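Reviewing the structure listed below.
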Amino acid sequence: MVLPLSAMNKPLFLTLFVLTMAALLFAFSFFRPTYLADPEVLGILIIGQIVIACLCKYKQSFFGVVMIAFLWAGVRLQMSGAWLQGRWIVLAIGVLAGTIISMRERSHLFESIHLISFTCVLSAVVSATVSAYAKEALLKSLSLFLLFMYGVVGARLSVPPFEPEKFFHNLLRCCEFATYVISIAYFGLRSSFFGNPNSLGAVMGVVIIPVIFWGFLCAQSKAQRHRLTLELCLAATLLMSSLSRAGIAAALVSCLLIMIAQRQYRLILIVALGGVAIAAFAVTYVPRPAELLEDSPSQSIASLFLYKGKPKLGLLGSRRGPWEDTLKVIKAHPWFGSGFGTSVTGESATYFELTRSRFVNSRMVREHGNSYLAIAEWSGLLGVVPFYVLVGSVMYYAVKVLIWLQRTGNISSAAVPASAIAIAGLIGAGFEDWLFAAGYYLCVFFWANAFILADLVNVREAMPSTDSRTLVPDPQFAPSMVAQ
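For what it's worth, our numbering labels the leading residue of the sequence shown as 17, then goes sequentially.
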């Protein structure tokens, strides 16, 4: 494999690491040529070469490689099973390479949020030692460490220091492309490759709609605004068709807070009317998952979106059972919990040993219906403290951006979409379990964005703005460039 000339500018250790991985792939292909007849093995080798090539452009491309690896492992596509293990290899490579580059450049400061995140890992390890499934809990603690480590030394490098908006404009293009692809898959091919409708709702409500809505607000031309309006309607239709109340609430509150901070009160009314129209369209014309509507006596909009077609269970009927089960476990294991990433179930430990496969049995993790209750069950009332402090830190940064946005009106700042994603994620996590599920693609993206948001807020060289409503980016929300 021929490396780009730009690789020569990288640290020596990173260059040697890339060359070593390339040599290992070549040796495998040379000494085991029969494996190349297997399409899956051949595909893995090709992807391995792509990963190695992306290491040479780590800042520009490796963030996308990590996201694709985790997304591929969680959707219904070919070779998704191989990525259940491959995603961790990619993440570990990203951590190692990011650490080498960070140590060489020293372009980012370490803040309190980074120390808090590693305290959470320590708490997870402590809870794992008292778990009935200690090995599995320790493995999940290791995955949490890799996730936070990548966020600290890897994801932050993906944001250009002097042009942070460039990263989010590239993210906007990816969300636009994803909206068309998902729309064709769901509406055209009737292929729900996200599986659970709540996963579709989470992706739309936490990532795609907040990012596209930000792009709509800072559009520079009528053609761009019309295109983003169409994409926003498609994304909203996908969100409404999932009937995911968590995703709908996440997108609604996130966009609403941005509009209030911008004083776009007329736009609030337009968005509200448009949302009702899209919801009515989704109920009338878009096919709905049959498992969500069984025994449904009513097909009204209120019944479908508030009660999911089951008004007899109440507004939170589907969540009440998991919440009660979680509270029982917390009372039974109040101090150190059941072990990070594992739950107390009706099955014995012997059952899991006998049914063990290539990855951790999913029956060790039951539904909780709330990420904050889930982490309290896993880590206990003592171990959950650093996790709640970490969540509070992310909320603090997001609120700080909203206050600054209301003061300056600078919608084009990179801190705005980062804050919108953080707010949507924290709201959605109140009704889903994914916030600390390190193997879930949305969890990886959320925490990478959270550490990027902390950089955008915690700048050291701030210059006061003279105009309270200027559209010039405020240095307060530019990422830290050079360590002082």
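Each residue gets a CB set at the ideal place from its N, CA and C atoms; glycine is no exception. Note that the coordinates shown come from a computational prediction; the quantities given were computed from them, not determined experimentally.
Note on Val-111: 16 or more other CB atoms within 10 angstroms of its CB, so buried under the neighbour-count rule. Counted as a single uninterrupted DSSP element, the alpha helix (DSSP H) harbouring Met-165 occupies residues 150-169. Below 8 Å, enough C-beta pairs join the region 452-468 and the region 211-231 to call them touching: three or more.
C-alpha of Lys-344 to C-alpha of Phe-467: approximately 34 Å in a straight line.
By the 16-neighbour rule on beta-carbons within 10 angstroms, Thr-145 is exposed. Assigned with DSSP and collapsed to three states, Glu-181 falls in helix.
A buried status is given to His-384, since no fewer than 16 other beta-carbon atoms sit within 10 Å of its beta-carbon. When Ala-85, Ala-277 and Gly-80 are compared, the shortest CA-CA separation from Cys-190 is found for Gly-80. Under a 10 Å Cβ-count criterion, Leu-289 is classified as exposed, with fewer than 16 other Cβ atoms of the shown protein chains found around its own Cβ. Sequence-distant partners of Pro-176 (beyond 5 residues in either direction) whose C-beta falls short of 7 Å from its own C-beta, in its chain, are Lys-182 and Phe-183. The three-state secondary structure of Asp-471, taken from DSSP, is helix. Counting only residues of its own chain and dropping the five nearest sequence neighbours on each side, Ala-108 has a CB closer than 8 Å to the CB of Leu-162. Using a 10 angstroms sphere on the CB of Ala-113, the tally of other CB atoms reaches 16 or more, which defines it as buried.
Between Ala-436 and Asn-214, the alpha-carbon positions lie close to 20 Å from each other.
For Gly-263, the enclosing alpha helix (DSSP H) covers residues 261-278. Residue state for Asn-186 is assigned as helix, using DSSP reduced to three classes. Across the set Ala-194, Gly-211 and Leu-273, the C-alpha of Leu-273 shows the shortest separation from the C-alpha of Trp-230. A direct Cα-Cα distance of roughly 18 Å separates Gly-396 from Trp-450. Here Pro-226 is buried, its C-beta having at least 16 other C-beta atoms within 10 Å. In the structure shown, the three-state DSSP call for Trp-463 is helix. Excluding the 5 residues flanking it on each side, Ile-286 has no same chain C-beta neighbour closer than 6 Å. Setting aside the 5 residues that flank it on each side, Cys-271 is surrounded in the same chain by Phe-229, each with a C-beta closer than 6 Å to its C-beta; the list follows chain order. An exposed status is given to Gly-97, since fewer than 16 other beta-carbon atoms sit within 10 Å of its beta-carbon. The region 293-301 makes contact with the region 247-264; the number of CB pairs closer than 8 Å reaches 3 or more. Apart from sequence neighbours up to five positions away, the residues of its chain that approach Leu-442 with a beta-carbon distance below 7 Å are Val-407, Val-410 and Met-411, ordered along the chain.
With 16 or more other Cβ atoms inside 10 Å of its own Cβ, Arg-261 counts as buried. Closest option to Val-401, judged by alpha-carbon separation, among Thr-135, His-185 and Lys-151: Thr-135.
Glu-393 carries a helical assignment under DSSP once its states are collapsed to helix, strand and coil. In this chain, the alpha helix (DSSP H) harbouring Lys-238 covers 238-258. The C-beta distance from Phe-352 to Gly-291 rounds to 44 Å, too long to fall under 8 Å, and the pair is not in contact. Counted as a single uninterrupted DSSP element, the alpha helix (DSSP H) harbouring Asn-214 occupies residues 213-219. With respect to the C-alpha of Ser-387, the residue from Asn-426, Thr-342, Val-417 and Ile-116 having the closest C-alpha is Thr-342. Considering only Ala-201, Thr-358, Ala-295 and Ala-252, the residue with the shortest C-alpha distance to Lys-151 is Thr-358. Sequence-distant Cβ neighbours of Gln-422 in its own chain, meaning closer than 6 Å and more than five residues away, are Ala-277.
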